[in-house]
Structures are given as C-alpha cells and as structure tokens.
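Take a look at the structure set out below.
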Amino acid sequence: MNTYTRTAKALHWLIALMIFAVFPLGLYMHDLKLSPVKLQLYSYHKWAGMTVLLLVIVRLLWRITHRPPALSLPRLQQIASNAVHHLLYVLMFAIPLSGWLMSSAKGFQTVLFGILPLPDLLAKDKVLGHTLENVHQSLNYLLLLLVAVHIAAALKHHFIDRDQVLTRMLPKS
Amino acid sequence: MNKHIITSLLLLAAGSVQAVEYNQLQAAQSALTFGYKQMGVPLTGKFNKFSAQVSFDPAKLAKAQAHIDVVLASIDTGSTDADEEVAGRQWFNAKTYPLATFTSSGVTALGGNRYQATGKLSIKGRTMDVTAPVTFQSEGNRGVFDGTFNIKRLAYAIGEGEWTDVSTVADEIQIKFHLVVLAAPVKK
C-alpha cells in the first residue's frame, strides 16, 4: 500500500502534537508577569523544545534512510511540495536550536527536565541574546505560516483532489 | 657605651616597627556575587554597589573588624525583569530596607592563609549569625579576601507569598565575596 512507515507516521504526529503545544505556550509565557509559574512554564517550554529537537534529529535520520511513498503530482505542485517540506524540516531543527542558543546567550542554561544540564553553546551576551530572541520569534512565525500552508494543502488533496496524500499519513492507512 | 648604642637601636627599631593593617577597600576591584538554582538551573548574579570598612592585621586577629553595607537595589541578576522583581516588596523590599549589612564579631585563624569570620548578617530587618571561611592573600600593601558562605533566603523572608516556593527558586543562596583592601601602615 502507498503509505508511510509506522515510524514516519508516529514521528510526524508526535512532533506535530508537540509543536501545537509548545508554540502557544511560548506565546503565552512570554507576556506573563514574572512569577514562579512563569519560571516553570519557561522550563517546560525549553524541555519540550529540546525533546522536539531530539525527535526531529531521529526523524531526519529516518527520512534519509527511508524513501517516502511515491506520489505523482503536477510538476509545479511537486516543486512547491518539496520546498515546503524542506523548509519545515529546516525550521523544526532551527527553531529549538535557536531557542537553545538564545538561552545560552541570555545566561539561562537549559537543564533538561531539571536533571540533565545541556552545554551552553554560546557565552553570555545580552545583545546577542536579544537578537536570538528575535530570530527565534521570526522563525516561529514563518513556521506558523508554513504549517498553515501544509495543512491547507493536505485538506485540498483530501477534499478537492480526493487523492491519498492525506490518508497515507493517517495512523490507520 | 656599647650597651647604650644597643639600647638606642632597640628603641629606634621598636619605634619604627609598623603594623600592617589592611583597611582601604578598593571597591572597583572587589566583587560581591551570589549563586542559586532556579528550576534546577545554576544561576549567578552580583551586587554592583557595596561599601566596606575593614581593618585587618594578620598579626592582631583579635582586633580584626569588618562592616559591609550592600545596596540591595544595585542587584544584577542578569535580567531586568528579575532585578525589578527582587527589589520589590516580596523580595528585598529595598525601599524600606535599602541595605544588607554584615558586621563581624570575630576572626579566627585556621592555619596558613585561611581564616574563619563570624558575624551578623542583617537583611530586611532580620539578623542571623553567619560564619564564612575566608582566605587572605597579600602582596605588598594589597590584600585580597575571598570567602563563600550560604544563607537560606526564606530565613530573611527574601521571597514572600508565591515566591516561598523553593522548587522554582531554591532556598539556598551562595554568597561569594572578593574584597581587595590596601594596607596603610599604622605606627605602633
């Protein structure tokens, strides 16, 4: 059957679910007044982000070693689809990495789950920290846009073209 | 005659013996820093403004004294939000209690260049006894004191209300001081 592997599906949906949690959490926590809850949410956001980074690395390795099911699309759609998917991979990797770099530059080390200290990739630098915050934010808005395009395309394939583009990624296809 | 000369020399020597007392703080070269854990993350900060009256002569420990005033609003936690928060009512309440003060009550030798200082630390209207191991190194007329001690922030009500939660900001705070003090010769 023309479908993705179980592993590819699991990684796709797990990462999607985490992005849908960690993105709004980032937006929400940023505007909170300083409180213990804010400090906790920042930590949870960072832990979740680092988990996404780890899952994305696994996913990229899986993707490189496993071809996705073949699909014949018009040339222009194929190009657009390739571009969006490549960009999504780049962003899924670059966004948590930019968060990690930002934390390092701001002088707040990431200690995964409060237990495992991750190395600081940059020395403390207030100006650089601020720049990276902007980078992290911009990349996230770009991700939001691309995810919207990604979902819209999947729905278009399913409801208008009535092809298998969406169903081949569903758990029970 | 000989005896007379020796006596004179001795008197002269005694008169010129100088005790070396380290008593002039070099604020710009000194530092007062602190460390703590927030959500398991080790963080450090510092106080930019403090003054100290120190008089220390290694040969006369019984007379050693230190009084340190720390301007709490000069805290630098690394984040502007946090600096404003900790100056506020629930933390230092720096408007009502602008200074943290330490007044020594005694210094004992631990051997080599190591000493132990005891004294009273007052923050936010609460006073506790503290003890700090201190090393003292001197080169010429420049003396350097380095020491570390821990306090429990809740004992001084630093962080009230929701901030009494020590699982986010730990109770234990490590205080580090690095004091550079110049010596002025004091005649006996």
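Chains as they are written, first to last, in the numbering used here: chain W, 1 to 173; chain D, 1001 to 1188.
The beta-carbon is built from N, C-alpha and C at its ideal position, and this holds for glycine as well.
DSSP lists D:1109, D:1134 as the beta-bridge partner residues of residue 1115 of chain D. Between residue 1168 of chain D and chain W, the shortest Cβ-Cβ separation is below 9 Å. Counting the other Cβ atoms within 10 Å of the Cβ of residue 114 of chain W gives fewer than 16, which makes it exposed. Per the C-alpha coordinates, the member of D:1044, D:1053, D:1072 positioned closest to residue 1103 of chain D is D:1053.
Within a 10 Å sphere around the beta-carbon of residue 145 of chain W sit fewer than 16 other beta-carbons, which makes this residue exposed.
Between residue 1095 of chain D and residue 1071 of chain D, the C-beta gap is not smaller than 9 Å, which leaves the two residues out of contact. Around the Cβ of residue 1039 of chain D, a 10 Å sphere holds 16 or more other Cβ atoms; the residue is buried. Each residue's CA atom was taken as its position, placing residue 1157 of chain D and residue 1091 of chain D some 7 Å apart.
One finds 109, 111, 117 in chain W with Cβ atoms closer than 9 Å to the Cβ of residue 1042 of chain D, taken in chain order. Neighbours of residue 40 of chain W in chain D, taken as residues at a C-beta separation under 8 Å, are given in chain order as 1039, 1168.
In the DSSP assignment, residue 1149 of chain D is bridged to D:1175.
The contact set of residue 34 of chain W on chain D, defined by CB atoms closer than 9 Å, consists of 1079, 1081, 1082, 1084, 1085 in chain order. Using a C-beta cut-off of 8 Å, the stretch 98-106 of chain W makes no contact with the stretch 33-41 of chain W, since fewer than three inter-stretch Cβ pairs fall below that distance. Nearest CB-CB separation between residue 58 of chain W and chain D: not below the 9 Å threshold.
A Cβ-Cβ contact shorter than 9 Å links residue 1115 of chain D with residue 1107 of chain D.
In the DSSP assignment, residue 95 of chain W falls within the alpha helix (DSSP H) that extends over 75-106.
Taking the CA atoms as reference points, residue 70 of chain W sits about 27 Å from residue 19 of chain W. Residue contact with chain W for residue 1171 of chain D: absent (no Cβ-Cβ distance below 9 Å to any residue of chain W). If you look at residue 40 of chain W, you'll find it in the alpha helix (DSSP H) that goes 36-65. The beta strand (DSSP E) runs lying completely inside the stretch 1024-1103 of chain D and spanning 3 residues or more are 1031-1038, 1041-1047, 1050-1055, 1065-1071, given in chain order. For residue 147 of chain W, the uninterrupted alpha helix (DSSP H) segment begins and ends at 126-159.
The count of Cβ pairs closer than 8 Å, one atom from the stretch 138-157 of chain W and one from the stretch 1066-1080 of chain D, stays below three, leaving the stretches out of contact.
For residue 1063 of chain D, same chain residues with a beta-carbon under 6 Å away, outside a window of 5 residues either side, do not exist. The C-alpha of residue 117 of chain W lies about 21 Å from the C-alpha of residue 136 of chain W.
Distance between residue 13 of chain W and residue 4 of chain W, taken at the CA atoms: about 12 Å. Measuring C-alpha to C-alpha distances from residue 1032 of chain D to each of D:1119, D:1181, D:1182, D:1175 identifies D:1175 as the nearest.
For residue 26 of chain W, none of the residues of chain D pass the 9 Å Cβ criterion, the least Cβ distance being about 16 Å. By the Cβ neighbour-count rule, residue 140 of chain W is buried, with 16 or more other Cβ atoms within 10 Å of its own. Taking residue 1154 of chain D as reference, the option from D:1124, D:1110, D:1066, D:1146 with the minimal CA-CA separation is D:1124. In the same chain as residue 164 of chain W, and ignoring 5 residues on each side of it, the C-beta atoms closer than 7 Å to its own belong to 2, in chain order. Taking 8 Å as the upper bound for CB-CB distance, residue 1147 of chain D and residue 1133 of chain D are in contact here, some 6 Å apart. Among the residues of chain D, those whose CB is under 7 Å from the CB of residue 43 of chain W are 1039, following chain order. Buried is the label assigned to residue 110 of chain W, since at least 16 other Cβ atoms lie within 10 Å of its Cβ.
The C-beta of residue 1168 of chain D has 16 or more other C-beta atoms within 10 Å across all chains shown, which makes the residue buried.
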